[in-house]
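Participant: Submitted below is the structure of interest, expressed as structure tokens.
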Amino acid sequence: MSVLNEPTRQEEAWRYIETSFLSGHPKSEAKLQPRRDNLPSSRPQVSGRLVFRHGLLDQKSSDPKTLDKLQYGEMTAPEFMTSARREDWYASRHENSKTHFVELPKEVGEQPLEILIDHQGAESENRNSVFFRAPRGSEHQLLIRTVGTNENYLANLEWGVEVEDGAHLKVLFDQEDGKEAIVLSSMRATLGRDANLEVQCLSGQSRLIRHRLSADLMGENSEVFLSGVGLCDHEESLHHFIQINHKVPNARSRQLFKVAMQGEARSSFDGTIEVDRGADGTDANQLCRYLMLNDKVRASAKPQLKIYADDVACAHGATIGQLEDEERFYLVSRGLDPASSSALLVRGFVTEVLEEGPMLEQTKAWQARILETRLPL
Amino acid sequence: MLKIEKLQAAVVDGDDILKGIDLDVKAGEVHAIMGPNGSGKSTTSKVLAGHPSYEVTGGKIFFDGEDIAELDPQERALKGIFMGFQYPTEIPGVNNAQFLRMAYNAKQKFLGLDEVDAFDFEAILTEKMAELSMNPNFKERMLNSGYSGGEKKRNEILQMSILEPKLAILDETDSGLDIDALRIVAEGINRLRGPEKAVILITHYQRLLDYVKPDVVHVLSEGKIIKSGGGELALELEAQGYDWVTS
């Protein structure tokens, strides 16, 4: 295994990321912090919750009935999940950590299971590695919430998802960490035949957020939909790094990412669709859109296709633009003031993603926390 | 209500498109503006609504005695001017009902009246939509996004019905409508008519005027009104074409 170094902006994957934010963080083992007594309460309409802190399943804070129903424990991370560790220095730091597995029941879950990942500790690295398996034919929803104190911690989260043949899994990742936090999340997913996975990442107001989402379509007729949305302000920095691998014929993938930016925010999108030789009948679509609300923000979009099969339909697009004058005129011509008109349009820009995502009802907390606070009508 | 004197207007930094329009629309009247393609009909509506891409280069626009040429579009709307768009803008992600309630409440606030909550507005919206035979699912649809041409025009009339403007300027509202939709839209326009209201219909064709009888018909050509008359003028234009008046 080659030796990885702390990333710098010379590396393509980190080119647009303020690695200087990261350099002050400790490289030592994470210290176990005492349990917080002000943990956010569970969301309404969830089936129960599990709480993870500093690489451990916090059974005392988790819902006992949920623990009874699930199979869980510690394991060596599966091979597909660890590949990022060979490419990414932060992911490699999980090499000596425990991975927790959660086996979802072999049935249909009517309500989402809440996974709360709690971060804390000034200048502390919070490492968590969790593996979820949706067994054959099951249907489940996961609401993953990353929460934390207002301290300047680093959250280093690795999560794996295995969606077995015929299983359907929907995941909403609501990033609720504090403003001083740096949040690095890396998901790797693998899908079997007829499996379906939807993942939507809602980004909050931490100063640096990086979502790495990677999915391998390993079974025919499998389908993955990855989406993400953010409304960045101040000097926040939000980055999406996406990799979809079509390994077999007749699988479908879709990506939809939208970020609106104000203040002096920074954002980048780096998304790749790779279609292996023989993966004919692939249908892949990728769209990334940035809305820049002033001339101080900066965005970069890099959609990429690597196609080694003949019979595929792949579409990709990226736009970086501003509010449309005609749209603004339409709204003010009905008596709305210019500020409300702009706010409504920006809300509309991001709401489109939420409505296409897996759990619209559960996005309301994010809408209230971010959208409605930053874009009052 | 609306008095336009020698109005000249251009696309910003461009040549004049309107080259001296005079128009006097009194409360209670319906005026039709007809004319060939490129005559300045849509420009007239946009200039009256305050579209930022156009600038008034000469003349005056009085609305209820106030010169509105320098007012921004929002102020004009709140004072009671409504423009029905020829091509209503599609705005994905913006909920139709939410937008309509915001527009309704903006007007209520401007008039010093109580704003309405979502429940009260639902009742208002339901009634107005029923009048226009609109599918209730329009409430939850995104503003003009994915609508057919006819649905967009019907949505414009819905907005007009809810905002109850003093002056409605309807730019080719009849285009893209089938016969049934044309009748329903016309009924919506006729419901707005009243002694305190005025309507300007911009149209290419006589057929809308079969349903909404105009008091005055104007022919616009090359940025000027070249002929005005009663409803019979529209019939003559339909029969003889614009060459009859422009040549």
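So the sequences go chain by chain: E and H. Oh and the first sequence: position 110 is 161 in our numbering, straight run, nothing missing. Oh and the second sequence: position 100 is 108 in our numbering, straight run, nothing missing. Even glycine gets a Cβ: it sits at the ideal position worked out from N, Cα and C. These figures come from a predicted structure and were not determined experimentally.
At a cut of 8 Å, does the segment 212–230 of chain E reach the segment 412–424 of chain E through at least three beta carbon pairs?
Facilitator: yes
Participant: Out of curiosity, what's the CA-to-CA distance linking Gly270/E and Glu123/H?
Facilitator: Numbered from its first residue, the first sequence carries residue 270/E at position 219. Numbered from its first residue, the second sequence carries residue 123/H at position 115. Spanning the two alpha carbons is a distance of roughly 55 Å.
Participant: Using a Cβ cut-off of 9 Å (strictly closer), state whether Thr211/H contacts chain E.
Facilitator: Here residue 211/H refers to the residue found at position 203 when the second sequence is read from its first residue. No, Thr211/H does not count as interfacial toward chain E.
Participant: Using a Cβ cut-off of 9 Å (strictly closer), state whether Gly279/E contacts chain H.
Facilitator: For this step, residue 279/E is matched to residue 228 along the first sequence. No, no contact with chain H.
Participant: Decide if Met132/E is buried, meaning its Cβ has at least 16 other Cβ atoms within 10 Å, or exposed.
Facilitator: Along the first sequence, one-based indexing puts residue 132/E at 81. Around the C-beta of Met132/E, 16 or more other C-beta atoms lie within 10 Å, and the residue is accordingly described as buried.
Participant: Considering only the alpha carbon of each residue, which of Ser93/E, Glu249/E, Ile233/E and Ala240/E lies closest to Arg258/E?
Facilitator: Against the first sequence, residue 258/E aligns to sequence position 207. The shortest C-alpha separation from Arg258/E is found at Ile233/E.
Participant: So which residues on chain H does Gly399/E lean against when the C-beta distance must stay under 7 Å?
Facilitator: Residue 399/E sits at position 348 when you count from the first residue of the first sequence. Ordered by position in chain H, the residues that pass the 7 Å Cβ test against Gly399/E are Ile99, Pro100, Gly101 and Val102.
Participant: Glu165/E bridges to which residues according to DSSP?
Facilitator: By one-based count along the first sequence, residue 165/E stands at place 114. Per DSSP, Arg100/E and Leu194/E.
Participant: Roughly how many angstroms lie between the CA atoms of Val253/H and Leu243/H, to the nearest whole one?
Facilitator: Taking the second sequence and counting its residues from 1, one reaches residue 253/H at position 245. Taking the second sequence and counting its residues from 1, one reaches residue 243/H at position 235. Answer to the nearest angstrom: the Cα atoms are 13 Å apart.
Participant: Could you name the residues of the segment 112–140 of chain H whose beta carbon sits closer than 8 Å to any beta carbon of chain E, in the order they occur along the chain?
Facilitator: Ala114, Lys115 and Phe118
Participant: Are any of the Cβ atoms in chain E nearer than 9 Å to that of Arg84/H?
Facilitator: Residue numbering aside, residue 84/H sits at position 76 when the second sequence is read from its first letter. Yes, its Cβ sits closer than 9 Å to a Cβ of chain E.
Participant: Curious, which full-length beta strand (DSSP E) runs of at least 3 residues does the segment 207–287 of chain E contain?
Facilitator: 219–226, 233–242, 247–253, 259–268 and 274–283
Participant: Given a cut-off of 9 Å, decide if Leu151/H and Val102/H are closer than it, judged by their beta-carbon atoms.
Facilitator: What you label residue 102/H is simply residue 94 of the second sequence in a count that begins at 1. What you label residue 151/H is simply residue 143 of the second sequence in a count that begins at 1. Cβ distance < 9 Å, so Val102/H and Leu151/H count as in contact.
Participant: Within the 9 Å Cβ cut-off, does Phe276/E reach chain H?
Facilitator: As a working mapping, residue 276/E is identified with position 225 in the first sequence. By this cut-off, Phe276/E is not an interface position.
Participant: Which runs of the alpha helix (DSSP H) spanning at least 4 residues fall entirely within the segment 354–392 of chain E, listed in chain order?
Facilitator: Listed in chain order, they are 376–383.
Participant: Does the distance from the C-beta atom of Gly211/E to that of Asp228/E stay below 9 Å?
Facilitator: Within the first sequence, residue 211/E is the residue found at index 160, counting from 1. Within the first sequence, residue 228/E is the residue found at index 177, counting from 1. No. Outside cutoff.
Participant: Residues of the segment 159–174 of chain H in Cβ contact with chain E at a cutoff of 8 Å, in chain order, please.
Facilitator: Residues of the segment 159–174 of chain H that bring their beta carbon within less than 8 Å of a beta carbon in chain E comprise Gln167 and Leu171, in sequence order.
Participant: Would you say Arg305/E reaches chain H, if we count a Cβ-Cβ gap shorter than 9 Å as a contact?
Facilitator: In the first sequence, residue 305/E corresponds to position 254, counting from 1. False, the Cβ-Cβ gap to chain H never drops below 9 Å.
Participant: Residue ranges of each beta strand (DSSP E) run of no fewer than 3 residues wholly in the segment 180–236 of chain H, ordered along the chain?
Facilitator: You should have 206–210 and 224–229.
Participant: So Ala330/E and Cys365/E are in contact, right, with Cβ under 8 Å, and what is the actual spacing, rounded?
Facilitator: Here residue 330/E is taken as the residue at index 279 of the first sequence, counted from 1. Here residue 365/E is taken as the residue at index 314 of the first sequence, counted from 1. Actually they are not in contact, since the Cβ atoms of Ala330/E and Cys365/E sit about 11 Å apart, beyond 8 Å.
Participant: Note down, in chain order, every chain H residue with its Cβ under 7 Å from the Cβ of Phe380/E.
Facilitator: For the purposes of this step, residue 380/E is taken as the residue at position 329 of the first sequence. Going along chain H in sequence order, the residues near Phe380/E (Cβ under 7 Å) are His59, Pro60 and Pro81.
Participant: Is the beta carbon of Gln106/H less than 9 Å from the beta carbon of Leu395/E?
Facilitator: Working through the second sequence from its first residue, we reach residue 106/H at position 98. Working through the first sequence from its first residue, we reach residue 395/E at position 344. For Gln106/H and Leu395/E, yes; Cβs fall inside 9 Å.
Participant: Starting from Gln167/H, trace the alpha helix (DSSP H) in both directions and tell me its first and last residue.
Facilitator: To locate residue 167/H, count along the second sequence from 1; it is residue 159. Note, Gln167/H: alpha helix (DSSP H), Gly157 to Leu171.
Participant: Could you please give the first and the last residue of the uninterrupted alpha helix (DSSP H) stretch that includes Met142/H?
Facilitator: Along the second sequence, one-based indexing puts residue 142/H at 134. From DSSP, Met142/H is part of no alpha helix (DSSP H); its letter is neither H nor E.
Participant: Applying the 10 Å Cβ sphere with the 16-neighbour rule, what's the burial state of Ala419/E?
Facilitator: As a working mapping, residue 419/E is identified with position 368 in the first sequence. Label assigned to Ala419/E: exposed.
Participant: Rounded to whole angstroms, what is the Cα-Cα separation between Gly88/H and Ile25/H?
Facilitator: Counted from its first residue, the second sequence places residue 88/H at position 80. Counted from its first residue, the second sequence places residue 25/H at position 17. Answer to the nearest angstrom: the Cα atoms are 25 Å apart.
Participant: Out of curiosity, what's the CA-to-CA distance linking Glu63/E and Ala128/E?
Facilitator: Taking the first residue of the first sequence as position 1, residue 63/E is located at position 12. Taking the first residue of the first sequence as position 1, residue 128/E is located at position 77. Going from the Cα of Glu63/E to the Cα of Ala128/E covers about 26 Å.
Participant: Give a yes or no on contact between the segment 176–185 of chain H and the segment 203–217 of chain H, applying the rule of three or more CB pairs nearer than 8 Å.
Facilitator: Yes: the two stretches touch, three or more of their Cβ pairs being nearer than 8 Å.
Participant: Determine which residues of the segment 358–377 of chain E have a Cβ less than 9 Å from any Cβ of chain H, and write them out in chain order.
Facilitator: Listed by position, the residues of the segment 358–377 of chain E near chain H (Cβ gap below 9 Å) are Glu375, Asp376 and Glu377.
Participant: Taking C-alpha atoms, which residue in Glu378/E, Leu422/E and Arg303/E lies nearest to Gly243/E?
Facilitator: If you number the first sequence from 1, residue 243/E lands on position 192. The option with the nearest alpha carbon to Gly243/E is Arg303/E.
Participant: Roughly how many angstroms lie between the CA atoms of Gly45/E and Val280/E, to the nearest whole one?
Facilitator: Outside the shown range of chain E (52 to 428) lies residue 45/E, about which nothing can therefore be said.
Participant: Taking its Cβ as the centre, do 16 or more other Cβ atoms sit within 10 Å of Glu176/E, making it buried, or is it exposed?
Facilitator: As a first step, residue 176/E is located in the first sequence; it is residue number 125 there, counting from the start. By the neighbour-count rule (16 or more Cβ atoms within 10 Å), Glu176/E is buried.
Participant: I need the straight-line Cα distance from Gly172/E to Lys111/E, nearest angstrom please.
Facilitator: Numbered from its first residue, the first sequence carries residue 172/E at position 121. Numbered from its first residue, the first sequence carries residue 111/E at position 60. One C-alpha to the other measures close to 20 Å.
Participant: Measuring alpha carbon to alpha carbon, tell me which residue in Leu241/H, Val64/H and Asn104/H is nearest Asn163/H.
Facilitator: Looking up residue 163/H in the second sequence gives position 155. The option with the nearest alpha carbon to Asn163/H is Asn104/H.
Participant: Note down, in chain order, every chain H residue with its Cβ under 7 Å from the Cβ of Glu407/E.
Facilitator: Looking up residue 407/E in the first sequence gives position 356. Those do not exist, as Glu407/E stays about 10 Å from chain H at its closest Cβ, beyond 7 Å.
Participant: In whole angstroms, what separates the C-alpha of Glu451/E from that of Gln122/E?
Facilitator: There is no way to answer for residue 451/E, as the model of chain E reaches only from 52 to 428.
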